[in-house]
DNA sequence: ATGCCTGAAGGGTTCAGA
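Residue numbers (the working numbering): 11 to 300.
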């Protein structure tokens with residue numbers, strides 16, 4: 011099969027983001043797109059975008075609700091075995107639309123919007139940890155050919171925030187959150203963007219306020235976590251900062267990952283992918299996939 | 001003054017986000 015481009019993007023209201031989402035789809039031509047914070051019911055999503063997506067050959071799996079949360083997967087390389095939500099996951103207090111998964115192009119793709127946590131020690135924080143434990147249990151059923159994509163609402167390390175001191179006492183950086191993420195990754199999932207840019211300043215979220223994006227004061231909380239069979243195919247992995255610029259952006263940028271063709275028959279050795287293009291610190295130029 | 005933006009619901013404001 012041909013190479014596959016997978017992207018994930020917290021759009022912060024797909025209704026507000028239509029003028030950015032459609033041109034972005036046309037420019038980047040992703041084969042699979044995981045969306046988060048769609049903030050629409052399934053019917054409203056299909057009414058809003060069904061025709062536009064069909065014109066672009068995307069099939070859609072939506073799992074949404076009014077006002078908050080909401081996830082989706084768009085695919086033009088097949089969309090089978092769709093599963094809404096995470097089995098056994100807690101609600102707050104009722105179940106929320108925070109996960110949808112499907113088999114796309116031979117890969118089990120999971121689009122997730124992990125609970126925010128609000129304040130360490132709060133009820134919502136405990137909910138976040140419990141929800142992550144359920145996600146881990148579900149992924150554990152078959153991590154090899156799985157890719158978990160989305161807004162994890164956790165910065166994996168201090169290198170993933172602009173200033174660790176600015177986050178003392180905040181969610182997204184506490185040891186229990188990072189441990190929950192590490193336990194998910196311990197199933198064999200690779201953080202493919204960090205693997206590609208081990209020493210770079212890479213963020214995916216910048217607060218709307220106070221010119222945070224302009225100053226590149228952000229966090230890396232939107233991740234692509236790939237099982238071994240997927241991680242071994244990664245050819246490029248980058249953050250599309252262009253989509254955070256200009257008028258009417260989401261506060262998150264998309265993450266884009268290109269996979270080589272799946273090997274035929276035997277899997278063979280898992281070799282490191284060729285080195286990615288280097289972006290200079292402070293450069294306005296985007297890392298481009300080959 | 002965590003609410004310097006932004007979005008949603010709903011009503012002249014509040015809550016949520018990370």
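Backbone N, C-alpha and C fix where the C-beta goes; we use that ideal spot for every residue, glycine too. Since the structure is predicted, the reported quantities are computational estimates derived from the model, not experimental observations.
Excluding the 5 residues flanking it on each side, residue 243 has same chain C-beta neighbours closer than 6 Å at 269, 270, in chain order.
Comparing alpha-carbon positions, the option among 132, 115, 111 lying closest to residue 122 turns out to be 111. Annotation: the continuous beta strand (DSSP E) that includes residue 73 extends over 69 to 73. Taking all protein chains shown into account, residue 85 has 16 or more neighbouring C-beta atoms within 10 Å of its C-beta and is therefore buried.
Nearest to residue 210 by alpha-carbon distance, out of 145, 190, 171, 200, is 171. Counting only runs that start and end inside the region 42 to 130, the beta strand (DSSP E) elements of at least 3 residues fall at 42 to 46, 69 to 73, 81 to 85, 90 to 94, 109 to 114, 117 to 123.
Annotation: residue 220 is outside any alpha helix (DSSP H) and is labelled neither H nor E by DSSP.
The shortest C-alpha to C-alpha distance from residue 223 to any of 205, 231, 251 is the one to 251. A contact is defined here as three or more CB-CB pairs under 8 Å, and the region 54 to 68 fails this definition with respect to the region 93 to 111.
Comparing alpha-carbon positions, the option among 247, 137, 182 lying closest to residue 168 turns out to be 182. Taking residue 138 as the centre and dropping the five residues before and after it, the same chain places the C-beta of 125, 127 closer than 6 Å to its C-beta, in chain order. Looking at the DSSP output, residue 248 bridges to 266. Residue 15 sits in a strand when the DSSP states are folded into three classes.
Under the three-state reduction of DSSP output, residue 214 falls in the coil class, being neither helix nor strand. Considering only 41, 34, 44, 82, the residue with the shortest C-alpha distance to residue 54 is 82.
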